[in-house]
Structures are given as structure tokens and as C-alpha cells.
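Trainee:
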Amino acid sequence: MAPQAARDEGMKLLKQRLTGGLLCAALVLSTPAKAGPNPEEYVAQVGKGASIVPWSDLKLDGRKVMCGKRPTVLDNQLDDYGAAYPGFVILNPKLLDRVSTPVKLWIHAHECGHQFRGPDEETADCFAVQRGRRQGWLTADGLEEVCKFIAPAKGDSMHFSGSRRCELMRQCFTDPTIK
Ligand SMILES: [Zn+2]
Numbered sequence: 357m358a359p360q361a362a363r364d365e366g367m368k369l370l371k372q373r374l375t376g377g378l379l380c381a382a383l384v385l386s387t388p389a390k391a392g393p394n395p396e397e398y399v400a401q402v403g404k405g406a407s408i409v410p411w412s413d414l415k416l417d418g419r420k421v422m423c424g425k426r427p428t429v430l431d432n433q434l435d436d437y438g439a440a441y442p443g444f445v446i447l448n449p450k451l452l453d454r455v456s457t458p459v460k461l462w463i464h465a466h467e468c469g470h471q472f473r474g475p476d477e478e479t480a481d482c483f484a485v486q487r488g489r490r491q492g493w494l495t496a497d498g499l500e501e502v503c504k505f506i507a508p509a510k511g512d513s514m515h516f517s518g519s520r521r522c523e524l525m526r527q528c529f530t531d532p533t534i535k
């Protein structure tokens, strides 16, 4: 792809991300792997306040977390808590500071779910809660914290979608078959 075309594609992705709304914009897998910026290009685009954490170095509240061998970009200017780009996860440390440990870990696992399961929100939610259960960082109480977190204060349709997602996550959490 010509540099200009690549840049246009990057801007398109950025726009999709910005209109993605609550948790989160997954730009994964619906586009060919080469369509989006790589972590270095992303950081260069964002500029100040963004950095790359290698796949094996990420810690959230002292707990080591991984998403396969995908790196994480920390971006304090991200318009959401997290996002998924083809090949890497983006987290906003400034926003993550405001939520409890299980919610933090759930956000990371949700974005990671997009890496492996595609753009569907419910599928990423299910991936996240099942991973949390398996790894021992998500209890039924923790899941309720997640539910409070995604039950948004604004907009009826969003509210419905938050509670619906929670219902599905509770089912997923107790489902012994891994989705
Ligand atoms: Zn998502």
C-alpha cells in the first residue's frame, strides 16, 4: 500500500475507534492484519503519553497479565478504557486507575478476547469472564463490579445493552464449557 493510502486507512481505523462507544472499539480481524497501524506507528501518531509494553512485561495492580505474545500500548489519551487493534491491545492507564483490580483485569481480558475471538462484544465478554474464573482473579462479586462498571449512566439503549451483556456474562461465568 502506498504511504498515503496506509495513512488514510489508519485514520479510518481511528475514526471507527472514536465512534465505537462503550467498551470498546475492536478493530480486530474484520480487517486484514496489515490494514491498521502497528504499535510503533500508533505511538508515533498519538505522540506524547503513549508507550509500548512488551507482551511479557505488562502488570496490572501487580499482577502479570498477557494476551498471547501481543504487546500493549499504554495511551493516556485513549477515549476509552481499552481498545483492540489488529495485533495489539491498547489500555488507558489514567482511566484504569479509577477502577478496581477485577475490573482492570476484565478490561484487559475483554480486549484480549477481541484478539482471539473477533469483534463481537458478547464473545469478548465471555472470553474475559471465563479467563478470569480459570485464572482465579474473577469471583462472582468481582463480576458484579464489572456489571456496575458497564451499566452506564447515560442513554437507555446503552443501559439496556449493559444489563444484557451482564446477563450473558453471568451465564458464561458459570458455564463449564469454554467458549
Ligand atoms: Zn470490546
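Going left to right, the sequence shown walks through residues 357 to 535 as our numbering numbers them.
Note that CB positions come from ideal geometry on N, CA and C, so glycine has one too.
All figures in this text were calculated on a predicted structure; none of them were measured in a lab.
When you compare only the Cα positions, how much space is there between V445 and G438?
Mentor: 7 Å
Trainee: Assign Q471 to buried or exposed, taking buried as 16 or more other Cβ atoms, counted over all protein chains shown, within 10 Å of its Cβ.
Mentor: Around the beta carbon of Q471, a 10 Å sphere encloses 16 or more other beta carbons of the protein chains shown; the residue is thus reported as buried.
Trainee: Taking the C-alpha atoms as reference points, what is the distance between D435 and G492?
Mentor: 29 Å
Trainee: Exposed or buried, what is E397 when buried is set at 16 or more other beta-carbons lying within 10 Å of its beta-carbon?
Mentor: exposed
Trainee: Can you give the Cα-Cα distance for A465 and A496, rounded to whole angstroms?
Mentor: A straight-line Cα-Cα distance of about 16 Å links A465 and A496.
Trainee: Going along the chain, which residues of its own chain have a beta-carbon closer than 6 Å to the beta-carbon of P484, five neighbours each way excluded?
Mentor: Here residue 484 is Ala; the residue named in the question, Pro, does not match the sequence. Cβ neighbours of A484 beyond the five flanking positions: W462, A465, H466, G469.
Trainee: Please tell me whether, using a cut-off of 7 Å, the distance from the CB of E477 to the nearest non-hydrogen atom of ligand 1 is below it.
Mentor: Answer for E477: yes, Cβ within range of ligand 1.
Trainee: For G511, is the classification buried or exposed, using 16 other Cβ atoms within 10 angstroms of its Cβ as the cut-off for buried?
Mentor: Residue placement at G511 is flagged as unreliable, the pLDDT there being 46, under the threshold of 50; the coordinate-derived value follows with that caveat. Classification for G511: exposed.
Trainee: Does the Cβ of P532 have 16 or more other Cβ atoms within 10 Å, making it buried, or fewer, making it exposed?
Mentor: Exposed, because fewer than 16 other Cβ atoms sit within 10 Å of the Cβ of P532.
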